[in-house]
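Sequential numbering of the sequence shown, starting at 45, is according to my numbering.
Have a look at the structure below before the remarks.
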Amino acid sequence: MPHPSKPANQTPKSFKRPIWINLIILTFPIAIYLLFQQLSVSIDFYIIGNQPNSSTNLDKTISYMAQIKKILQSVAIALGGAGVILVAREYKKKNFTKAKQYATLAFLLAIISSLFFLVVLGLGVLLPAPFGDIFLNKSYHSQNGLTYYYLILITFVAITMNAVFIGLERAKEKTRFVLILNICLIITRISISFAFKAIKQNQVNLIDLALADLIANLLLTLVTFYCMFSSKNIFKLQFKNLVFSKRTVKTILKLAVTLIIAKSTYEIGKLIILAMIDSYFTKDQENLVDIFGFVMAVNGIFYAISNSFEDSQSAMVSQSVTFQSNSKTFKIFKNVVVITLIIGIIGVFINQFCGEQLLRALKPEKVFTTQKITSFKEILNWEQTSLFFSVWTTLMMGYVASYKKNANLIFVINLLRVVLRITILWFLHDILPQLKDVSIPDATQCGLSTFGSNIIVFLTTTYLFVSFLRQNKTNQTPRFKKNKNNALQTKIIK
45 MPHPSKPANQ
55 TPKSFKRPIW
65 INLIILTFPI
75 AIYLLFQQLS
85 VSIDFYIIGN
95 QPNSSTNLDK
105 TISYMAQIKK
115 ILQSVAIALG
125 GAGVILVARE
135 YKKKNFTKAK
145 QYATLAFLLA
155 IISSLFFLVV
165 LGLGVLLPAP
175 FGDIFLNKSY
185 HSQNGLTYYY
195 LILITFVAIT
205 MNAVFIGLER
215 AKEKTRFVLI
225 LNICLIITRI
235 SISFAFKAIK
245 QNQVNLIDLA
255 LADLIANLLL
265 TLVTFYCMFS
275 SKNIFKLQFK
285 NLVFSKRTVK
295 TILKLAVTLI
305 IAKSTYEIGK
315 LIILAMIDSY
325 FTKDQENLVD
335 IFGFVMAVNG
345 IFYAISNSFE
355 DSQSAMVSQS
365 VTFQSNSKTF
375 KIFKNVVVIT
385 LIIGIIGVFI
395 NQFCGEQLLR
405 ALKPEKVFTT
415 QKITSFKEIL
425 NWEQTSLFFS
435 VWTTLMMGYV
445 ASYKKNANLI
455 FVINLLRVVL
465 RITILWFLHD
475 ILPQLKDVSI
485 PDATQCGLST
495 FGSNIIVFLT
505 TTYLFVSFLR
515 QNKTNQTPRF
525 KKNKNNALQT
535 KIIK
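In C-alpha cells:
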C-alpha cells in the first residue's frame with residue numbers, strides 16, 4: 045500500500061531496487077529482533093547453570109516454560125495488534141480523531157482482555173487433575189515452577205500493553221524506534237539475568253529468570269505509559285469524551301480471536317508435544333524434554349533468521365499486488381526461497397560441525413552422558429529439516445494470506461502441523477511396536493514426528509499454493525500500469 049504522503053499515481057521507490065536487496069533491508073531489523081529473542085532463551089540455559097543437587101531437572105522446566113511463554117506472547121501480540129489494525133486504517137486515511145479514539149479503545153480492551161486471561165489461567169492451574177494439568181502439569185509445580193508460572197502471567201499483561209504501543213508506533217512507520225525499543229528490552233532482560241547470576245554466585249533459580257523477564261517488560265511498560273499520555277503523541281490516550289459503538293468493540297474482539305487462533309495454534313501444539321515427550325520418554329534423570337529445548341536453542345538461530353523473511357515478503361507482496369502483475373509479484377517469493385535456501389544450508393553446516401560445541405557452550409558446567417549427546421544429535425538431524433520445509437510452508441502461507449487478507453489458511457495449516465506431529469509420535473510409540481516387533485530409539489521417534497509432519501504439511505501447502513497461483517493467473521485481476529504519460533491506468537491482466 046502506498047505511503048499516505050505519496051501521490052496515488054507514483055510507484056514506490058523500493059520497486060526500483062533489486063528484490064533481494066529490498067528483502068534484506070526490510071528483514072534486517074526483524075532478524076535482529078528475533079535473533080536477540082532466541083539468544084535470551086539460550087541465555088536462560090546458560091544462567092541456570094548446572095545444579096546437581098536439585099531434585100528437579102531445571103533445564104527440562106525451562107524448556108517447558110519457554111513454550112508456555114511463547115503461547116502467551118502470541119496471545120499478547122494478537123490482543124495488542126487487533127485494535128491497532130483499525131487504528132492504522134484510520135491513520136492512513138488521515139482521520140486522526142477517529143484513529144485516536146480507536147487507539148484508546150484498543151489500549152483499554154487489551155488491558156481488560158489480558159487481565160481476563162490472567163484470572164482464568166491463574167485460577168485454572170489450581171483445579172484438580174487432570175483439569176489443572178491443562179494449564180500447567182503438576183510435575184512442574186515444584187522447585188518454584190508454580191511461582192515461575194504466575195510471574196509469567198503477570199509479565200503477559202505487561203507484554204500485551206507494550207504490544208499495543210509498539211503496534212501504534214509501527215502504524216506511524218517508526219520502525220527504527222520500535223527496533224531500538226525491542227533490542228533495549230532484550231538487552232535489559234539479559235543484563236538483569238547476568239546480574240542475578242553474579243549477585244547470587246551462580247545459584248540462580250527459576251524465579252530469578254522470571255523476575256528478570258518481568259522487570260524488563262515493566263520498564264518498557266513505563267515507557268509505554270509515558271509515551272501514550274504524552275501530548276506530543278498523536279495517539280495520546282483520551283478517556284474523556286471517548287465514543288465508540290458496540291460494533292467497533294465486536295470487530296476488535298473478533299479480530300483478536302482470529303489472530304489468537306492463527307498465531308497460538310502451532311505453539312499450543314508444540315506444548316502438547318512436549319507433554320507427550322515428557323510422558324513417553326522419562327527415565328529416571330534422563331528426559332528428552334531438556335534435550336529438545338537444547339535442540340530448539342541451537343537450530344533456532346538460523347530458523348529465526350529464515351522466518352524473519354516472512355513478514356518482509358508479506359509486506360512487499362501486499363504492496364506489489366497493487367502496482368504489478370502476478371508474475372512480477374511471484375518473483376518476490378522466488379527470491380525469498382533462494383535466500384532461505386542459502387540460510388538453511390549454512391544452518392545445516394553449522395549444526396553438523398558445531399552443534400555439539402554450541403550445546404556445551406550453553407551448559408559449560410554440565411557433564412553430558414554419551415546417550416544425551418547421541419539423543420541431541422539425532423533430534424537435531426531431523427529438526428534441521430525445519431530450516432527448509434517448515435520455513436517454505438510459512439512463506440507459502442504468508443504469500444497467499446497477503447492476497448486474501450485473512451488468516452484461515454494459516455490456522456488450518458498450523459492445526460494440520462499439530463495433529464500430524466501428535467499422531468505420528470503416538471503411532472511410533474504406541475501402535476507400531478504392537479504391529480511389528482520393532483524398537484525405534486526415543487530420540488528417533490521425536491525426530492521422525494517432526495520430519496514426517498514437516499514433509500506432509502509442506503506437500504499439502506505446496507498443492508494449495510500451486511492451485512492458488514493457477515486460479516490467480518486465470519482470474520481477471522485489476523492492476524495498475526503506467527501509460528506513455530507516466531500516469532497509472534487500470535489494466536485487466538488475463
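Here a beta-carbon is modelled for each residue, glycine too, at the ideal position from N, C-alpha and C.
Q. Got a sec? Which residues, its chain only, sit under 7 Å from L263 by beta carbon, not counting five neighbours each side?
A. Here residue 263 corresponds to residue number 219 of the sequence shown, with the count starting at 1. Contacts found: T232.
**Q.** Whether I423 touches A487 by CB criterion (7 Å)
**A.** Numbered from 1 along the sequence shown, position 379 holds the residue referred to as residue 423. Numbered from 1 along the sequence shown, position 443 holds the residue referred to as residue 487. Going by C-beta atoms, I423 is nearer than 7 Å to A487.
(Q) Measuring alpha carbon to alpha carbon, tell me which residue in K142, K113, I296, D177 is nearest M320. (A) Translated into the one-based positions of the sequence shown, residue 320 becomes position 276. The shortest Cα separation from M320 among K142, K113, I296, D177 belongs to D177.
Q) Excluding the five sequence neighbours on either side, which residues of its own chain have a C-beta within less than 7 Å of the C-beta of I230, listed in chain order? A) Position 186 of the sequence shown, counting from 1, holds the residue named residue 230. Cβ neighbours of I230 beyond the five flanking positions: F80, Q81, S84.
Q) Out of curiosity, what's the CA-to-CA distance linking T418 and I335? A) On the sequence shown, residue 418 is found 374 positions in, with the first residue counted as 1. On the sequence shown, residue 335 is found 291 positions in, with the first residue counted as 1. Spanning the two alpha carbons is a distance of roughly 10 Å.
Q. Once you ignore the five residues that flank V444 on each side, which residues in its own chain have a CB closer than 6 Å to its CB?
A. In the sequence shown, residue 444 corresponds to position 400, counting from 1. Counting only Cβ-Cβ distances below 6 Å, and skipping sequence neighbours, we find L453, F512.
Q. What residue from F72, I65, Q145 has the CA that sits closest to T219's CA?
A. Residue 219 sits at position 175 when you count from the first residue of the sequence shown. If we check each option's Cα against that of T219, F72 comes out closest.
Q: With a 10 Å radius around its C-beta and 16 neighbouring C-beta atoms as the bar for buried, classify A239 as buried or exposed.
A: Translated into positions along the sequence shown, residue 239 becomes position 195. Its Cβ having fewer than 16 others within 10 Å, A239 is exposed.
Q. Exposed or buried, what is Y507 when buried is set at 16 or more other beta-carbons lying within 10 Å of its beta-carbon?
A. For this step, residue 507 is matched to residue 463 along the sequence shown. Classification for Y507: exposed.
Q. On the premise that F502 lies in contact with T437, defined as a C-beta separation below 8 Å, what is that separation, rounded to the nearest angstrom?
A. Sequence index remark: in the sequence shown, residue 437 carries index 393 (1-based). Sequence index remark: in the sequence shown, residue 502 carries index 458 (1-based). Confirmed, Cβ separation roughly 5 Å.
Q | Endpoints, alpha helix (DSSP H) assigned at V164 | A | Residue 164 sits at position 120 when you count from the first residue of the sequence shown. Taken as a continuous stretch (DSSP letters only), the alpha helix (DSSP H) holding V164 covers 140-168.
Q. Roughly how many angstroms separate the alpha carbons of Q428 and N343, rounded to a whole number?
A. In the sequence shown, residue 428 corresponds to position 384, counting from 1. In the sequence shown, residue 343 corresponds to position 299, counting from 1. Distance between the alpha carbons of Q428 and N343 is about 6 Å.
**Q.** Residue span of the alpha helix (DSSP H) that contains V128, given as start and end
**A.** Here residue 128 is taken as the residue at index 84 of the sequence shown, counted from 1. Where V128 is concerned, the enclosing alpha helix (DSSP H) stretches over 102-136.
Q. How would you label L479, buried or exposed, when you count the other beta carbons within 10 angstroms and need 16 or more for buried?
A. Within the sequence shown, numbered from 1, the residue matching residue 479 stands at position 435. Label assigned to L479: exposed.
Q | Residues near I387 in its chain [Cβ-Cβ closer than 8 Å; skip 5 each side] | A | Translated into positions along the sequence shown, residue 387 becomes position 343. Around I387: F346, I349, S350, L431.
Q. With respect to the alpha helix (DSSP H) encompassing S419, which residues constitute its N-terminal and C-terminal limits?
A. As a first step, residue 419 is located in the sequence shown; it is residue number 375 there, counting from the start. From DSSP, the alpha helix (DSSP H) with S419 extends over 414-427.
Q: Confirm, please, whether the CB-CB distance from K307 to A110 is below 7 Å.
A: Position 66 of the sequence shown holds residue 110. Position 263 of the sequence shown holds residue 307. No, the Cβ-Cβ distance between A110 and K307 is not below 7 Å.
(Q) If you measure between the beta carbons of V128 and A154, is that distance less than 7 Å? (A) Here residue 128 refers to the residue found at position 84 of the sequence shown. Here residue 154 refers to the residue found at position 110 of the sequence shown. Contact: no.
Q.
Does F273 come out as helix, strand or coil in the three-state DSSP assignment?
A. Here residue 273 refers to the residue found at position 229 when the sequence shown is read from its first residue. Here F273 sits in coil by DSSP.
Q | Endpoints, the alpha helix (DSSP H) within which A173 is located | A | Along the sequence shown, read from residue 1 onward, the residue named residue 173 stands at position 129. Taken as a continuous stretch (DSSP letters only), A173 belongs to no alpha helix (DSSP H), as it is neither H nor E.
Q.
Applying the 10 Å Cβ sphere with the 16-neighbour rule, what's the burial state of D474?
A. Here residue 474 refers to the residue found at position 430 of the sequence shown. That one is exposed.
Q) If you draw a straight line from the alpha carbon of Y194 to that of K216, how long is it in whole angstroms? A) Looking up residue 194 in the sequence shown gives position 150. Looking up residue 216 in the sequence shown gives position 172. The straight-line gap from Cα to Cα measures roughly 34 Å.
Q. Taking three-plus beta-carbon pairs below 8 Å as touching, is the stretch 256-275 in contact with the stretch 195-212?
A. yes
Q) For I326, which three-state DSSP category applies? A) Residue mapping note: residue 326 aligns to position 282 of the sequence shown, counting from 1. In the sequence as presented, Ile is not what sits at residue 326; that position holds Thr. T326 falls in the coil class under three-state DSSP.
Q.
Check this for me: beta carbons of R465 and Y310, under 7 Å apart or not?
A. The sequence position of residue 465 within the sequence shown is 421, counting from 1. The sequence position of residue 310 within the sequence shown is 266, counting from 1. Not closer than 7 Å, so no.
Q | Nearest-angstrom beta carbon gap, F89 and L303 [assumed within contact, 8 Å] | A | Here the question's residue 303 lines up with position 259 in the sequence shown. Here the question's residue 89 lines up with position 45 in the sequence shown. So it is not a contact: roughly 30 Å between Cβ atoms.
Q) Got a sec? Which residues, its chain only, sit under 7 Å from S86 by beta carbon, not counting five neighbours each side? A) As a first step, residue 86 must be located in the sequence shown, where it is residue number 42. Closer than 7 Å at Cβ, skipping near neighbours: A341, L406.
Q) First and last residue of the alpha helix (DSSP H) that includes Q43? A) Lying outside 45 to 538, the shown extent of the chain, residue 43 is not represented and no answer is given.
Q: Please state whether DSSP places V287 in a helix, a strand or coil.
A: Here residue 287 is taken as the residue at index 243 of the sequence shown, counted from 1. Correct three-state label for V287: coil.
Q. Using the beta-carbon count (16 or more within 10 Å), is F433 buried or exposed?
A. To locate residue 433, count along the sequence shown from 1; it is residue 389. Per the 10 Å Cβ criterion, buried.
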